[in-house]
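Positions 19 to 399 (our numbering) are the ones given, in order, by the sequence shown. Quick reminder that beta carbons are idealized off the backbone N, C-alpha and C, glycines included.
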Amino acid sequence: MTDDPPPNPALLPAGFVDLLPSDAEAEAAGMESLMRVFASHGYSRVKPPLLEFEDTLLSGSGAAVADQAFRLMDPDTRRMMALRPDITPQIARIAATRLADAPRPLRLSYTGLCVQASGGARESDRQISQAGIELIGPDTPEADAEVVALGAEALAALGVPGVSFDLTMPPLVPALIAEVGFTPAERQALMRALDRKDAAAVAKLAGGLAPVLTELLHAAGPAERALSVLGGLVLPAPVRVLSERLAATFAAITARVPDIRLTVDPVEFRGLHYHTGVCVTVYARGQHEELGRGGRYVSNNDEPACGLTLRPEALLRAAPARAGRVRVFLPVDCDPAVGKRLRAEGYATVDGLVPVADSKAEARRLECDMIVAGDGVVALN
Numbered sequence: 019m020t021d022d023p024p025p026n027p028a029l030l031p032a033g034f035v036d037l038l039p040s041d042a043e044a045e046a047a048g049m050e051s052l053m054r055v056f057a058s059h060g061y062s063r064v065k066p067p068l069l070e071f072e073d074t075l076l077s078g079s080g081a082a083v084a085d086q087a088f089r090l091m092d093p094d095t096r097r098m099m100a101l102r103p104d105i106t107p108q109i110a111r112i113a114a115t116r117l118a119d120a121p122r123p124l125r126l127s128y129t130g131l132c133v134q135a136s137g138g139a140r141e142s143d144r145q146i147s148q149a150g151i152e153l154i155g156p157d158t159p160e161a162d163a164e165v166v167a168l169g170a171e172a173l174a175a176l177g178v179p180g181v182s183f184d185l186t187m188p189p190l191v192p193a194l195i196a197e198v199g200f201t202p203a204e205r206q207a208l209m210r211a212l213d214r215k216d217a218a219a220v221a222k223l224a225g226g227l228a229p230v231l232t233e234l235l236h237a238a239g240p241a242e243r244a245l246s247v248l249g250g251l252v253l254p255a256p257v258r259v260l261s262e263r264l265a266a267t268f269a270a271i272t273a274r275v276p277d278i279r280l281t282v283d284p285v286e287f288r289g290l291h292y293h294t295g296v297c298v299t300v301y302a303r304g305q306h307e308e309l310g311r312g313g314r315y316v317s318n319n320d321e322p323a324c325g326l327t328l329r330p331e332a333l334l335r336a337a338p339a340r341a342g343r344v345r346v347f348l349p350v351d352c353d354p355a356v357g358k359r360l361r362a363e364g365y366a367t368v369d370g371l372v373p374v375a376d377s378k379a380e381a382r383r384l385e386c387d388m389i390v391a392g393d394g395v396v397a398l399n
């Protein structure tokens, strides 16, 4: 009988990865680029903890992501704790407690890691980064537009090409269906058909609503056309209010960012369960994954809020690669003042720690691009 082989020290749980130097540096630089854009518009940065007590983290808006949370017991208090699967509910808690007396509108930004019990935007992702903003207090189309406009500016700062924002109003379809006396089973079957965008099934299941729902299904696409179709329909008053708010938000966004690419899906109702109004999902040309999502919700203490959460990993897969710092090798006898000057000029310096026979060979071994020669630098061939 032989002993089992020792575990592979490089093996990680499914959904967790090591980011090696170039990727880790690119992500850090990308995150800071996003945060600089948010800060330039008056969004103050907060940093909630990765771990909280379960009964606070997963209450209120946090209940919508409770099924994604890893749980463990605090050995000190014997209370259950949870790793955050999403940062937005934590911002809602901070706004309602620690910053309850801060003036509104309250503008907050954040960045950090989240851990999800199952894959997020990509099935393989369980540890994800988030960077986002929350605008707490106003319930207006202009507030929704501010959040989308900042998202567009942040993605432009990263150089992400072909960005589009898909606007939805998740409460609209449920409100429309609620006006008809469907049984729970009929309603469930109809919602499933709408979720699949199955026009034939919708026509069969929707009864008198079939013409309206079918027209809305086919309207999804460029925002102007979708909103024109929606505005031309005869809708019950509660549904009309939602339709008009969606149109007003579109108008506010385009007034602020005239060249933005917007689409509208009038029947899309998926999203986080805490969303109560206009929502947005961010895409880029040629990318199959979402770059971010957000929308309007009710924060703690029934305070209106809207926000946008971006996925830095997805953004960096969509953005052009950024060049890292040029690495310069400093031989062991190099004047320290030269290295100090080069770092101030934006170079990354790599010190030689011991004398070597061939400094250029040592520089190449350490993956440097240049080497100090006198008071200047020369490229390595």
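Could you name the residues of the same chain whose beta carbon sits closer than 6 Å to that of residue i, not counting the 5 residues immediately before and after it, in chain order?
i, result
"Glu141", "Since pLDDT at Glu141 reaches only 49, below the 50 mark, its modelled position is unreliable, and the value read off the structure follows with that caveat. Excluding positions up to five away in sequence, the list is empty."
"Ala167", "Arg274 and Val275"
"Ala366", "Arg343 and Arg345"
"Gly180", "Ala302 and Arg303"
"Arg97", "Phe71"
"Arg311", "Thr299"
"Val259", "none"
"Ala175", "Ser51 and Val55"
Is the distance from the Cβ of residue i to the Cβ of residue j below 8 Å?
i, j, result
"Val178", "Ala336", "yes"
"Leu231", "Val247", "no"
"Leu30", "Leu131", "no"
"Asp94", "Thr186", "no"
"Ser79", "Pro107", "yes"
"Pro156", "Pro188", "no"
"Glu70", "Arg102", "yes"
"Ala255", "Pro159", "no"
"Ala270", "Asp162", "yes"
"Val7", "Asp376", "No information on residue 7 is available, as it lies outside the stretch 19 to 399 that the chain covers here."
"Arg383", "Leu398", "no"
"Ala149", "Leu52", "yes"
For residue i, I'd like the list of residues in its chain whose CB is within less than 8 Å of its CB, leaving aside the five on either flank, ordered along the chain.
i, result
"Val198", "Gly225, Gly226 and Leu227"
"Asp85", "Ala135"
"Ile195", "Arg205, Leu208, Met209 and Leu227"
"Val372", "Val350"
"Val257", "Leu190, Ala193, Leu194 and Glu197"
"Val395", "Val346, Leu360, Tyr365, Met388 and Ile389"
"Val35", "Gln145"
"Gly60", "Arg125"
Going by DSSP, which residues form a beta bridge with residue i?
i, result
"Ile154", "Leu124 and Ala323"
"Pro373", "Paired residues: none, contrary to the question."
"Ser62", "Leu126"
"Gly312", "Val298 and Leu326"
"Ile146", "Cys132"
"His293", "Tyr315"
"Val368", "Phe347"
"Gly239", "Val282"
"Met99", "Phe71 and Leu90"
CB-CB under 7 Å to residue i, same chain, minus the five flanking residues each way: which ones, in chain order?
i, result
"Arg340", "Ala44 and Ala47"
"Ala139", "Any reading at Ala139 is ruled out, since the residue's pLDDT is 47, under 50, leaving its predicted position unreliable."
"Asp393", "Val356"
"Glu385", "Arg345"
"Pro27", "none"
"Ala87", "Leu76, Ala100, Leu101, Pro103 and Ala135"
So the candidates are the options; which of them puts its Cα closest to the Cα of residue i?
i, options, result
"Thr272", "Glu164, Ala196 and Arg125", "Glu164"
"Asn319", "Asp94, Ala113 and Asp92", "Ala113"
"Asp216", "Thr201, Leu280, Val346 and Leu234", "Leu234"
"Pro354", "Gly364, Arg343 and Val368", "Val368"
"Ile105", "Arg383, Ala118, Gln145 and Leu280", "Gln145"
"Pro121", "Ala266, Ile154 and Gln148", "Ile154"
"Ile151", "Lys65, Ala302, Gly304 and Leu75", "Lys65"
"Ala391", "Cys352, Glu380 and Gly364", "Cys352"
"Ala170", "Glu70, Leu280, Thr74 and Pro338", "Leu280"
"His293", "Gly60, Leu52, Ala81 and Thr74", "Ala81"
"Gly313", "Val296, Val285 and Gly304", "Val296"
"Arg54", "Ala172, Val35 and Gly239", "Ala172"
"Gly325", "Ala110, Gly239 and Asp213", "Ala110"
"Pro202", "Leu223, Pro188, Asp184 and Leu245", "Leu223"
"Asp213", "Glu286, Pro229 and Ala266", "Glu286"
"Phe268", "Thr115, Arg243, Ala57 and Gln305", "Arg243"
"Thr115", "Ser317, Glu363, Pro338 and Lys378", "Ser317"
How is the alpha helix (DSSP H) around residue i delimited, first residue to last?
i, result
"Phe183", "Not the alpha helix (DSSP H): Phe183 falls in the beta strand (DSSP E), residues Val181 to Thr186."
"Glu262", "Ala255 to Arg274"
"Glu72", "Glu72 to Leu75"
"Thr281", "Where Thr281 is concerned, there is no enclosing alpha helix (DSSP H), although the beta strand (DSSP E) it sits in stretches over Leu280 to Val282."
"Arg10", "Outside the shown range of the chain (19 to 399) lies residue 10, about which nothing can therefore be said."
"Pro176", "The residue you asked about is not Pro; residue 176 is Leu in the sequence shown. Pro159 to Leu176 is the span of the alpha helix (DSSP H), which, as asked, contains Leu176."
"Gln305", "It is not in any alpha helix (DSSP H) - Gln305 carries neither H nor E in the DSSP assignment."
"Glu204", "Pro202 to Asp213"
Hey, is residue i's beta-carbon within less than 8 Å of any beta-carbon in chain B?
i, result
"Ser377", "Among the protein chains of the structure shown there is no chain B, as only one such chain exists."
Residue range of the beta strand (DSSP E) that residue i falls in?
i, result
"Ile389", "Met388 to Ala391"
"Leu395", "According to the sequence shown, residue 395 is Val rather than Leu. Gly394 to Ala397 is the span of the beta strand (DSSP E), which, as asked, contains Val395."
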